[in-house]
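>
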């Protein structure tokens, strides 16, 4: 049985093997973590797809491979002994790139990013069928695979509603609710869900099964971070780029390279919002146990404005634009050495208090490194509170493949000329929007910002319910 790099979140095309938790010869149980993987979105564990014994580890620790690439092989319980393909073990691959380079390229998109050694991609000695290219498979998330295995579902029977036809967990749950699992279950062996032939040639279902290739969203391929030589001077320090920083760098370059950014800003008078927070904040903390921040008010204004201008809640998909049904707000959370972007699902259904709790929970778990895959997937629009750092203007990079990102800057008291030409001290804040100019133009973005501004300026004592 081949174990492949799974799809670790929407738009994630690769992952880095941070650490192997098993070694060849180890007996494993189904769902037992066998490896730690780092992506640009989250650190995750890859579970064993079945009970059995690990045969080979094909990718060295620290290596980045694309989704669908074989990373290990195992012999499932009840499976005939497998003549392991000439896949380089982790140690062998680490010791010689030449051996890996000689591996058969059964996955056209398989590869390594960032100049790491090439790894075997499932090539079989003697010639595996070229048509069995596995790299285009592997579009199922771990949650989808787990549900499919638990209910004996043939995922080829499930209609995907995700981007590019990708099958989501909701699709599988709907399939089960519709009785699909009962119909599909008898076909699946009870003990060995993936009874692959001993000389499997890419037909054995693996954790990352081939799914429909995204029809539109540009696929990241090849290195995106060029290694340019830098002359270090006396006393300079060199800090090795860890996998997380490499992933962040790659995603930022990808977003700037593929999404033509434009930028616009508007100034908002939040004097009444400041008064509201000062008025109800202490009581809120006593009752709820957490401080009331400005962020939930920002998110509330955004989600209501996205309903008014849904084109900003969309994604570029090549020959079409996908307007997302759900409003899932990604929030940028800075940790000591990285940036996490967890997601508040269906944020438009939450009250101010609910949003405040959601933000506090996700931020705490992001800083503790306890986010799950589900926490960081499915975002449709990003809110960035750069004002927390004292910034009064910023030009954020779009959280690819979303259409836009909105930054809320520091609230500062400044003298303002009012409509009656009087001068008053007001609490002012800039809101800065970066937009994908393939999808959005200045007119709709200006109207969207005006809608956010109008709502923020309407929030004040007696004008908005926290619950």
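Numbering (this note's numbering), first residue to last: 1 to 467. Note that beta-carbon positions come from the ideal geometry of N, C-alpha and C, so glycine has one too. Note that the structure is a prediction, hence the values are computed from the model and not measured.
Roughly how far, in whole angstroms, is the beta-carbon of residue 38 from the beta-carbon of residue 15, given that I think they are within contact range, below 8 Å?
Right, their Cβ atoms sit about 7 Å apart.
> Residue 328 by DSSP, collapsed to three states: which one?
DSSP places residue 328 in coil when its eight states are reduced to three.
> Count the other CB atoms within 10 Å of the CB of residue 101; is the residue buried (16 or more) or exposed (fewer)?
Note on residue 101: pLDDT 34, under 50, position unreliable in the model; no value is reported.
> When we look at the beta-carbon of residue 168 and count the other beta-carbons within 10 Å, is it buried (16 or more) or exposed?
Buried, because 16 or more other Cβ atoms sit within 10 Å of the Cβ of residue 168.
> Would you please state the rounded distance, in angstroms, between the beta carbons of residue 55 and residue 34? I believe it to be under 8 Å.
At roughly 12 Å, the Cβ-Cβ gap does not stay under 8 Å, so residue 55 and residue 34 are not in contact.
> Give me, in chain order, the residues of the same chain whose beta-carbon lies closer than 8 Å to that of residue 285; leave out the 5 immediate sequence neighbours on both sides.
Only 291 and 292 meet the Cβ criterion.
> Rounded to whole angstroms, how far is the Cβ of residue 362 from the Cβ of residue 333, which I believe are closer than 8 Å?
Indeed, because the Cβ distance is near 7 Å, the residues count as touching under 8 Å.
> My parser needs the alpha helix (DSSP H) runs of 4 or more residues fully inside the stretch 335-404; what are they?
Here the runs fully enclosed are 352-367.
> So what does residue 63 bridge to, in DSSP terms?
BP columns for residue 63 are empty, so no partner.
> Any heavy atom of the ligand ZN closer than 6 Å to the Cβ of residue 442?
You won't find the ligand ZN in this model; it holds no ligand whatsoever.
> Does the stretch 261-277 touch the stretch 428-438, meaning 3 or more C-beta pairs lie closer than 8 Å?
The stretch 428-438 is in contact with the stretch 261-277.
> What is the rounded straight-line gap between the Cα of residue 421 and the Cα of residue 253?
Cα to Cα, the separation comes out at about 46 Å.
> Confirm, please, whether the CB-CB distance from residue 321 to residue 314 is below 7 Å.
Yes, they are a contact pair.
> Specify the secondary structure class of residue 406 as computed by DSSP and reduced to three states.
Residue 406: strand per DSSP, three-state reduction.
> Give me the Cα-Cα distance between residue 317 and residue 309, rounded to the nearest whole angstrom.
Going from the Cα of residue 317 to the Cα of residue 309 covers about 19 Å.
> Roughly how many angstroms separate the alpha carbons of residue 194 and residue 29, rounded to a whole number?
Low confidence applies here, because residue 194 scores a pLDDT of 34, under 50, leaving its location unreliable and the question unanswered by this model.
> Determine whether the beta carbon atoms of residue 384 and residue 405 lie at a separation below 7 Å.
Result yes, Cβ atoms of residue 384 and residue 405 sit closer than 7 Å.
> Smallest Cα separation from residue 366: which of 389, 335 and 326?
Among 389, 335 and 326, the Cα nearest to that of residue 366 is on 335.
> Buried or exposed for residue 469, going by 16 or more other Cβ atoms inside 10 Å?
Given a span of 1 to 467 for the chain in the structure shown, any question on residue 469 remains unanswerable.
> Using alpha carbons as the reference points, say which of 18, 407 and 235 lies closest to residue 390.
Considering only alpha carbons, the answer is 407.
> Taking DSSP as the reference, what is the three-state secondary structure of residue 58?
Looking at residue 58 - three-state DSSP - the assignment turns out to be coil, as it is neither helix nor strand.
> Skipping 5 residues on each side, what residues in its chain have a beta carbon closer than 8 Å to that of residue 359?
Excluding sequence neighbours, residue 359 sits near 293, 295, 296, 299, 331 and 344.
> Grab me the residues of residue 451's own chain with a C-beta within less than 6 Å of its C-beta, minus the 5 sequence neighbours each way, in chain order.
Only 305 and 308 meet the Cβ criterion.
> Identify, in the order they occur along the chain, each residue of the same chain with its Cβ nearer than 7 Å to the Cβ of residue 460, setting aside the five sequence neighbours on each side.
Once the five neighbours on either side are set aside, the close Cβ partners of residue 460 are 272, 273, 275 and 276.
> Opposite residue 440 in the DSSP bridges: which residues?
The partner list for residue 440 (beta bridge, DSSP) is empty, contrary to what the question assumes.
> Drop a sphere of 10 angstroms on the beta-carbon of residue 418, count the other beta-carbons inside from all chains shown, and report buried for 16 or more, exposed for fewer.
Exposed, since its Cβ has fewer than 16 Cβ neighbours within 10 Å.
> Starting from residue 252 and walking both ways along the alpha helix (DSSP H), at which residues does that stretch end?
Per DSSP, residue 252 belongs to the alpha helix (DSSP H) from 243-258.
> Which partner residues does residue 148 have in the DSSP bridge list?
The partner list for residue 148 (beta bridge, DSSP) is empty, contrary to what the question assumes.
> Measure the alpha-carbon distance for residue 159 versus residue 171 and round it to whole angstroms.
Residue 159 and residue 171: Cα-Cα distance of roughly 7 Å.
> From the DSSP output, in three-state form, read off residue 311 for me.
Residue 311 falls in the helix class under three-state DSSP.
> Helix, strand or coil: how does DSSP classify residue 174 here?
Correct three-state label for residue 174: helix.
> Measure the alpha-carbon distance for residue 446 versus residue 388 and round it to whole angstroms.
Going from the Cα of residue 446 to the Cα of residue 388 covers about 24 Å.
> Mapping the DSSP letters down to three states, classify residue 159 as helix, strand or coil.
Reduced to three states, the DSSP call for residue 159 is coil.
> So residue 415 is in the beta strand (DSSP E); what residue range does that whole segment cover?
Segment 412-417, the beta strand (DSSP E) holding residue 415.
> In the DSSP assignment, find the unbroken beta strand (DSSP E) run with residue 73 in it and report its ends.
Element bounds for residue 73: 70-76.
> Using DSSP with H/G/I as helix, E/B as strand and the rest coil, what is residue 80?
It is coil, neither helix nor strand.
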